[in-house]
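There are 2 protein chains.
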Amino acid sequence: MSGARPAPGDRPPTIRDVAAAAGVSIATVSRVVRDHQDVHTTTRERVLQIIDELGYRPSSLARALVSGYARTIGLLVSDITNPFYPQLAKSIEREARAADYAVVICNTEDEPRESLRYVRRLLDQGTAGLVHASAGVDEERVLDTVGDVRRIVFVNRRPTSTASSFVVSDNITGGRLLADHLIGLGHRRIGFIAGPPWAANSRERLTGLLAAANAGSVEVRVLEGDFTPASGVRAVESWLSTSHPPTAIVGVSDQVALGAVAALGQRGIKIPSEIAVAGFDNIEFAASQIIGLTSVAQHIDEMGRRSLRLLLRQLAAPGTRPQRIELTPSLVIRRTTQGTRAEDADGLGTAAAVSEDV
Amino acid sequence: MSGARPAPGDRPPTIRDVAAAAGVSIATVSRVVRDHQDVHTTTRERVLQIIDELGYRPSSLARALVSGYARTIGLLVSDITNPFYPQLAKSIEREARAADYAVVICNTEDEPRESLRYVRRLLDQGTAGLVHASAGVDEERVLDTVGDVRRIVFVNRRPTSTASSFVVSDNITGGRLLADHLIGLGHRRIGFIAGPPWAANSRERLTGLLAAANAGSVEVRVLEGDFTPASGVRAVESWLSTSHPPTAIVGVSDQVALGAVAALGQRGIKIPSEIAVAGFDNIEFAASQIIGLTSVAQHIDEMGRRSLRLLLRQLAAPGTRPQRIELTPSLVIRRTTQGTRAEDADGLGTAAAVSEDV
DNA sequence: ATGAAAGCGCTAACAC
DNA sequence: GTGTTAGCGCTTTCAT
Numbered sequence: 271m272s273g274a275r276p277a278p279g280d281r282p283p284t285i286r287d288v289a290a291a292a293g294v295s296i297a298t299v300s301r302v303v304r305d306h307q308d309v310h311t312t313t314r315e316r317v318l319q320i321i322d323e324l325g326y327r328p329s330s331l332a333r334a335l336v337s338g339y340a341r342t343i344g345l346l347v348s349d350i351t352n353p354f355y356p357q358l359a360k361s362i363e364r365e366a367r368a369a370d371y372a373v374v375i376c377n378t379e380d381e382p383r384e385s386l387r388y389v390r391r392l393l394d395q396g397t398a399g400l401v402h403a404s405a406g407v408d409e410e411r412v413l414d415t416v417g418d419v420r421r422i423v424f425v426n427r428r429p430t431s432t433a434s435s436f437v438v439s440d441n442i443t444g445g446r447l448l449a450d451h452l453i454g455l456g457h458r459r460i461g462f463i464a465g466p467p468w469a470a471n472s473r474e475r476l477t478g479l480l481a482a483a484n485a486g487s488v489e490v491r492v493l494e495g496d497f498t499p500a501s502g503v504r505a506v507e508s509w510l511s512t513s514h515p516p517t518a519i520v521g522v523s524d525q526v527a528l529g530a531v532a533a534l535g536q537r538g539i540k541i542p543s544e545i546a547v548a549g550f551d552n553i554e555f556a557a558s559q560i561i562g563l564t565s566v567a568q569h570i571d572e573m574g575r576r577s578l579r580l581l582l583r584q585l586a587a588p589g590t591r592p593q594r595i596e597l598t599p600s601l602v603i604r605r606t607t608q609g610t611r612a613e614d615a616d617g618l619g620t621a622a623a624v625s626e627d628v
Numbered sequence: 271m272s273g274a275r276p277a278p279g280d281r282p283p284t285i286r287d288v289a290a291a292a293g294v295s296i297a298t299v300s301r302v303v304r305d306h307q308d309v310h311t312t313t314r315e316r317v318l319q320i321i322d323e324l325g326y327r328p329s330s331l332a333r334a335l336v337s338g339y340a341r342t343i344g345l346l347v348s349d350i351t352n353p354f355y356p357q358l359a360k361s362i363e364r365e366a367r368a369a370d371y372a373v374v375i376c377n378t379e380d381e382p383r384e385s386l387r388y389v390r391r392l393l394d395q396g397t398a399g400l401v402h403a404s405a406g407v408d409e410e411r412v413l414d415t416v417g418d419v420r421r422i423v424f425v426n427r428r429p430t431s432t433a434s435s436f437v438v439s440d441n442i443t444g445g446r447l448l449a450d451h452l453i454g455l456g457h458r459r460i461g462f463i464a465g466p467p468w469a470a471n472s473r474e475r476l477t478g479l480l481a482a483a484n485a486g487s488v489e490v491r492v493l494e495g496d497f498t499p500a501s502g503v504r505a506v507e508s509w510l511s512t513s514h515p516p517t518a519i520v521g522v523s524d525q526v527a528l529g530a531v532a533a534l535g536q537r538g539i540k541i542p543s544e545i546a547v548a549g550f551d552n553i554e555f556a557a558s559q560i561i562g563l564t565s566v567a568q569h570i571d572e573m574g575r576r577s578l579r580l581l582l583r584q585l586a587a588p589g590t591r592p593q594r595i596e597l598t599p600s601l602v603i604r605r606t607t608q609g610t611r612a613e614d615a616d617g618l619g620t621a622a623a624v625s626e627d628v
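Structure representation (structure tokens):
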């Protein structure tokens, strides 16, 4: 019934309990916990043991309150239901975990309002930094609320006016790669299922596509969509009702391309012999043997990894200048464009029936 | 250069700044902010105006520190990459938003260790409550760390031993529904692509399937999988190499069934005329016209909604007893089992060529 | 190397 | 109705 007891009331042990049990001041415990200099080895050992015995865990809440922020990263995504984002989230999370950060995923549904709400919320919860992978058009205001450019990294989206960091894919090159491939296969009418007009990714991909197409005097038809498989279905229906449908269809994302694949399949149209299909993102499902969709790989994992690293670096070194990272996409050729002909080529240019002139 | 100024230094305004500017005590400001009783209308108005002018936002950190928790709900999922979870997350988030809670999604990858780490982390960040939709087998320890059963709701998973709340689907009935449907269509050899042995959902679905199959003396073959589309592909390959493959294949989830669909399609096997396919979950992609997969609908949205409501109720009323909610699944019949024959039936039992005896 | 003390921004008694 | 005060659990000078 005297002073310091190893086992406190019932609530989780606080730093005070540890200090009391170890016979040191809370400042010392704090130092031990934070791996600080200037603690005698003996003291440290003892404190660590008590911590273990008591099962003490520092309150990140209190810590964040006093030090300004928590070991938490906020990830804002447009639509968690779109497979691209879960994959991105996974890689970001993995990288964050390595640095002992937790990731909070927030779903904005591409609503600028929600996006801002989340940003505010995250910030006042002490989130150390933000990864913004939501496509909205609100970056000015987002940056405004964040206050400090070093606390945010945009991903898969090139901020227009500002000096903030971002990690994107070179979409123009991606578009060109894909068009070159299709044109090389002999296609002369390409259909592009785009995203909504405000989506820069979509516009850039189309730009690349058009550049290559113009060079080869190939016709490109564009239909506006909304990144959903359904928009792929609609586009196919629309084109098939014309007299000369495209012989190759490109979705602005794999999701969209999958819709096209399904719609074609349902109509008994053979892929790729009658119509070829390709997309962007190289998401797992489309990539697997299951679908075998030709796709422009965005290197989602690398995107996630690099964006998080960049963010952490910025957080650690306030002096850092904003960085713009542009990943070079690569074309992954699969069944939906190449048929089975070149399938057993060992990669060393057994060019099969493919002509690459233009 | 004197005392209280409307515009503080530069840091975000605190409650003190507001109090000073409004000429009241911080307690009053706190009351206004929390919509508390006993504040004169005039005072409230004035304070609110100052708050607006200064752009003051209460620190949820400080608030959580003192009051014990933040307006945050933690959602633990097995694998954010599995479409089931994003959909669940979306509905939970929507419901949470309505109650002014934010949702933090954590990806456990079904690792008990990660799961526990996240639980701890969430708790010491002041998360008010947890929705646990991760399939792991660690519930004892999870409950232990959470401490209070009222702060957690399990979803899509029936906790074995404990008295905690959960929201699940009646998987046995689901399995039976599906089997009855297939048997009614004349199938006598059903293949079930299961999950890993520890997955209760999978076992339950199989149980239902078997119950119906035994009653109709129908053969059921089971292959173990892992919830991925790839396991669906493997199962198909394995069965097709036997002399009498199943005439109907059931995936433990739509993801798995999609793998099967793709594998069959690749081999040119007609669905459903040669082999029928069905799954569980009724995820959007499978549900859409794109695939037209027959599926046992888990009512994901309702699951999410109800679990969150339940949790919030428990948090608000400490007296509440744990509740077990079991949602009744329903069978959604689509192309992959029914062909096109009954497609234009208007739902009023134009039983077509389907016999429902057994 | 260690301790004392002053907060971080807020809530919650308890006074008036 | 409103103000005073004592913390929440921690970090961080500044002494010693």
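In order, the protein sequences belong to chains C and S.
First residue of the first sequence: 271, per the working numbering; consecutive thereafter.
First residue of the second sequence: 271, per the working numbering; consecutive thereafter.
Glycine included, each C-beta is placed from N, C-alpha and C at the ideal position.
State the Cα-Cα distance for the pair residue i and residue j, rounded to the nearest angstrom.
i: Val288/C; j: Val303/C; result: 11 Å
i: Arg428/S; j: Arg411/S; result: 15 Å
i: Arg604/C; j: His569/S; result: 35 Å
i: Arg281/C; j: Ser300/S; result: 27 Å
i: Ala546/S; j: Val506/S; result: 12 Å
i: Gln395/S; j: Gln608/C; result: 52 Å
i: Asp322/S; j: Leu582/C; result: 33 Å
i: Pro599/S; j: Ala340/S; result: 34 Å
i: Asp349/S; j: His310/C; result: 44 Å
i: Cys376/S; j: Ser558/S; result: 28 Å
i: Ala291/S; j: Val423/C; result: 36 Å
Assuming residue i and residue j are in contact, meaning their beta carbons sit under 8 Å apart, how far apart are those beta carbons, in whole angstroms?
i: Thr397/C; j: Gly338/C; result: Contact flag wrong, Cβ pair sits at about 11 Å.
i: Leu392/S; j: Leu400/S; result: 6 Å
i: Ala556/C; j: Ser543/C; result: Going by Cβ atoms, the distance from Ala556/C to Ser543/C rounds to 19 Å, so no, they are not a contact pair.
i: Pro516/C; j: Ile460/C; result: 6 Å
i: Glu409/S; j: Thr432/S; result: 7 Å
i: Glu365/S; j: Arg579/S; result: 7 Å
i: Val425/C; j: His451/C; result: Their Cβ separation, rounded to whole angstroms, is 26 Å, which puts Val425/C and His451/C out of contact at 8 Å.
i: Pro588/C; j: Arg420/C; result: 6 Å
i: Ser404/S; j: Leu447/S; result: At roughly 26 Å, the Cβ-Cβ gap does not stay under 8 Å, so Ser404/S and Leu447/S are not in contact.
i: Phe550/C; j: Ser513/C; result: Phe550/C to Ser513/C, Cβ: 28 Å. No contact.
Can you give me the Cβ contacts of residue i inside the same chain, cut-off strictly under 7 Å, excluding the 5 residues immediately before and after it?
i: Leu476/C; result: Gly445, Phe462, Ala464 and Val492
i: Gln525/C; result: Asn352, Pro353, Phe497, Thr498 and Pro499
i: Ala369/C; result: Leu582
i: Ser508/C; result: Leu493
Could you tell me whether the Cβ of residue i comes closer than 7 Å to any Cβ of chain S?
i: Pro466/C; result: no
i: Ala372/C; result: yes
i: Asp394/C; result: yes
i: Ser359/C; result: Per the sequence presented here, residue 359/C reads as Ala, with Ser not at that position. Yes, Ala359/C counts as interfacial toward chain S.
i: Ile362/C; result: no
i: Arg391/C; result: yes
i: Ile375/C; result: yes
i: Arg281/C; result: no
Got a sec? Which residues, its chain only, sit under 8 Å from residue i by beta carbon, not counting five neighbours each side?
i: Arg576/S; result: Val437, Ile595 and Leu597
i: Glu554/C; result: Pro353 and Gln357
i: Ile541/C; result: Val531, Leu534, Gly535, Val547, Arg605 and Thr606
i: Thr415/C; result: Leu386, Val389, Arg390 and Leu393
What does a CB cutoff of less than 6 Å around residue i pick up in its chain, not counting 5 residues either side in sequence?
i: Ile442/C; result: Glu474, Thr477 and Gly478
i: Arg227/S; result: No answer is possible for residue 227/S: the residues shown for chain S start at 271 and end at 628.
Comparing the C-beta of residue i with each C-beta of chain C, is any distance below 7 Å?
i: Pro356/S; result: yes
i: Gly273/S; result: Low per-residue confidence applies at Gly273/S: pLDDT is 37, beneath 50, and the placement is therefore not dependable enough to give any value.
i: Thr351/S; result: yes
i: Pro278/S; result: Its pLDDT being 48, under 50, Pro278/S is placed unreliably in this model, and the value from its coordinates should be taken loosely. Chain C contact via Cβ: absent.
Proximal residues, the region 330–347 of chain S versus chain C, C-beta separation under 8 Å: So the close ones are Ser330, Leu331, Ala332, Ala334, Leu335, Ala340 and Thr342.
Residues within the region 570–604 of chain C neighbouring chain S, beta-carbon criterion of under 9 Å: None of the residues of the region 570–604 of chain C has a beta carbon lying less than 9 Å from any beta carbon of chain S.
Residues, ordered as in the chain, of the region 469–503 of chain C that lie near chain S by beta-carbon distance below 7 Å: Those would be Pro499, Ala500 and Val503, in chain order.
Chain C contacts made by the region 532–554 of chain S, where a contact means CB separation under 9 Å: Cβ proximity to chain C below 9 Å picks out Ala532, Ala533, Gly535, Gln536 and Glu554 from the region 532–554 of chain S.
Positions along the region 419–440 of chain S whose CB lies within less than 9 Å of some CB in chain C: Taking 9 Å as the Cβ-Cβ cut-off against chain C, none of the residues of the region 419–440 of chain S qualify.
Contact list for the region 300–331 of chain S against chain C, Cβ threshold 7 Å: Going along the region 300–331 of chain S in chain order, one finds Arg327, Ser329, Ser330 and Leu331 with a Cβ nearer than 7 Å to chain C.
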